[in-house]
């Protein structure tokens, strides 16, 4: 009888959506499956080392594809809301990762959970939408979408108009019990895809989806906190976080305390458009759990889990 349960430490791994679809790729299913196989090797290596793995993935490029399909089919089918597109990518990307993981080892126990993530309807982010999503539109089409769909649109550096949505903070995982049950019995669980499908509690007790995007690293940190993870591993394009990135004075960091990371954030070392959200999510996890959060690249994921690579954020 195979042994399950909390005897194996749980690690949460946060991948970007570009782990499966990069700018130079053709966007085909077969290309994304090849990328998924690369990610699956890293996840499988963690499972072989005796960890239970919870994988949270981004979906920026993939939800962009969904929104392009929406637009191209808009004369024949109703336009799907963004929350439905996020749910769709959770299913497709979960399928890709499961397929790739099974091809690493048929002995692996794997599951994907459609994940609803609660946000606050009064989150200040809803007062100022700043996150661009989907394709570029001509001015006349953007005007039509503003009028018919009530979308907020912004002009983007002469390249056209894009839809912008809010990026609120995740405050709860609606189906966390299902995820908890799965991570207690599985080797790899895929959840919180795209940061989760954003939902709010509306008047009258209804739960409804909202047009927003949730930062996947924030959701990974929240899941790790709620599920008692031993570590949060945030995968990015570099093997370590740096101070003065790209300058002659650049310094690569092996470790930061929470206080040091907060100081560097205040000094502007980690910009909001790149490393800032990852460091903030790492801080959230380390502060709430007392366990380390590590930022590094996928090639060193196993070494990150054992504390031998990446930048550790510790209490």
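Numbering (the numbering used here), first residue to last: -18 to 296. Every residue gets a Cβ at the ideal spot worked out from N, C-alpha and C, and that includes glycine.
Look at residue i and residue j and say whether their C-beta atoms are less than 8 angstroms apart.
{"i": "residue 25", "j": "residue 86", "result": "yes"}
{"i": "residue 130", "j": "residue 110", "result": "no"}
{"i": "residue 276", "j": "residue 259", "result": "yes"}
{"i": "residue 189", "j": "residue 151", "result": "no"}
{"i": "residue 265", "j": "residue 221", "result": "no"}
{"i": "residue 174", "j": "residue 40", "result": "yes"}
{"i": "residue 64", "j": "residue 164", "result": "no"}
{"i": "residue 155", "j": "residue 81", "result": "no"}
{"i": "residue 115", "j": "residue 45", "result": "yes"}
{"i": "residue 177", "j": "residue 93", "result": "no"}
{"i": "residue 262", "j": "residue 201", "result": "yes"}
Have a look at residue i and residue j and give me their C-alpha separation to the nearest angstrom.
{"i": "residue 128", "j": "residue 157", "result": "38 angstroms"}
{"i": "residue 307", "j": "residue 58", "result": "Past the boundaries of the shown model lies residue 307; the chain is included only from -18 to 296, so the question cannot be answered."}
{"i": "residue 279", "j": "residue 8", "result": "21 angstroms"}
{"i": "residue 159", "j": "residue 28", "result": "20 angstroms"}
{"i": "residue -12", "j": "residue 162", "result": "14 angstroms"}
{"i": "residue 48", "j": "residue 54", "result": "10 angstroms"}
{"i": "residue 35", "j": "residue 121", "result": "44 angstroms"}
{"i": "residue 119", "j": "residue 253", "result": "28 angstroms"}
{"i": "residue 71", "j": "residue 140", "result": "29 angstroms"}
{"i": "residue 149", "j": "residue 112", "result": "10 angstroms"}
{"i": "residue 184", "j": "residue 32", "result": "42 angstroms"}
{"i": "residue 241", "j": "residue 12", "result": "40 angstroms"}
{"i": "residue 285", "j": "residue -9", "result": "14 angstroms"}
{"i": "residue 218", "j": "residue 171", "result": "21 angstroms"}
{"i": "residue 168", "j": "residue 91", "result": "6 angstroms"}
{"i": "residue 22", "j": "residue 205", "result": "22 angstroms"}
{"i": "residue 153", "j": "residue 203", "result": "8 angstroms"}
{"i": "residue 282", "j": "residue 292", "result": "12 angstroms"}
{"i": "residue 273", "j": "residue 244", "result": "18 angstroms"}
{"i": "residue 197", "j": "residue 125", "result": "31 angstroms"}
{"i": "residue 68", "j": "residue 135", "result": "25 angstroms"}
{"i": "residue 52", "j": "residue 207", "result": "38 angstroms"}
{"i": "residue 62", "j": "residue 3", "result": "24 angstroms"}
{"i": "residue 123", "j": "residue 194", "result": "20 angstroms"}
{"i": "residue -14", "j": "residue 83", "result": "Note that residue -14 scores a pLDDT of 47, beneath 50, so its modelled location is shaky; the value from the coordinates is reported in the next line. About 21 angstroms."}
{"i": "residue 229", "j": "residue 60", "result": "49 angstroms"}
{"i": "residue 211", "j": "residue 166", "result": "17 angstroms"}
{"i": "residue 66", "j": "residue 16", "result": "21 angstroms"}
Out of the options, which one is the CA nearest neighbour of residue i?
{"i": "residue 103", "options": "160, 232, 180, 118", "result": "180"}
{"i": "residue -5", "options": "291, 84, 215, 240", "result": "215"}
{"i": "residue 18", "options": "227, 63, 0, 291", "result": "0"}
{"i": "residue 6", "options": "173, 43, 23", "result": "43"}
{"i": "residue 271", "options": "289, 290, 64, 294", "result": "294"}
{"i": "residue 308", "options": "135, 223, 213", "result": "What the structure shows of the chain is the stretch from -18 to 296, and residue 308 is not part of that stretch, so it cannot be assessed."}
{"i": "residue 288", "options": "117, 237, 126", "result": "237"}
{"i": "residue 248", "options": "229, 228, 224, 209", "result": "224"}
{"i": "residue 30", "options": "16, 61, 84, 89", "result": "89"}
{"i": "residue 182", "options": "101, 60, 62, 20", "result": "101"}
{"i": "residue 250", "options": "226, 210, 269", "result": "226"}
{"i": "residue 209", "options": "20, 79, 61, 269", "result": "269"}
{"i": "residue 20", "options": "211, 79, 50", "result": "79"}
{"i": "residue 117", "options": "50, 246, 16, 296", "result": "50"}
{"i": "residue 319", "options": "56, 60, 296", "result": "A question about residue 319 goes unanswered here, because the residues of the chain that appear run from -18 up to 296."}
In the DSSP assignment, what are the bridge partners of residue i?
{"i": "residue 134", "result": "144"}
{"i": "residue 113", "result": "145"}
{"i": "residue 180", "result": "99, 190"}
{"i": "residue 24", "result": "Its beta-bridge partners do not exist; DSSP assigns none."}
{"i": "residue 232", "result": "224"}
{"i": "residue 212", "result": "-8"}
{"i": "residue 38", "result": "-4"}
{"i": "residue 277", "result": "216"}
{"i": "residue 151", "result": "100"}
{"i": "residue 92", "result": "170"}
{"i": "residue 33", "result": "-9"}
{"i": "residue 238", "result": "295"}
{"i": "residue 118", "result": "142"}
Kindly say whether residue i, judged by its beta-carbon, lies nearer than 8 angstroms to any beta-carbon of chain B.
{"i": "residue 14", "result": "As a matter of chain content, chain B is missing from the structure shown, which is built from one protein chain."}
**Asked** Okay, do the region 225 to 236 and the region 143 to 155 touch, 3+ Cβ pairs below 8 angstroms being the bar?
**Response** no
**Asked** Would the region 105 to 121 and the region 71 to 88 be scored as touching if the rule is three or more Cβ pairs under 8 angstroms?
**Response** no
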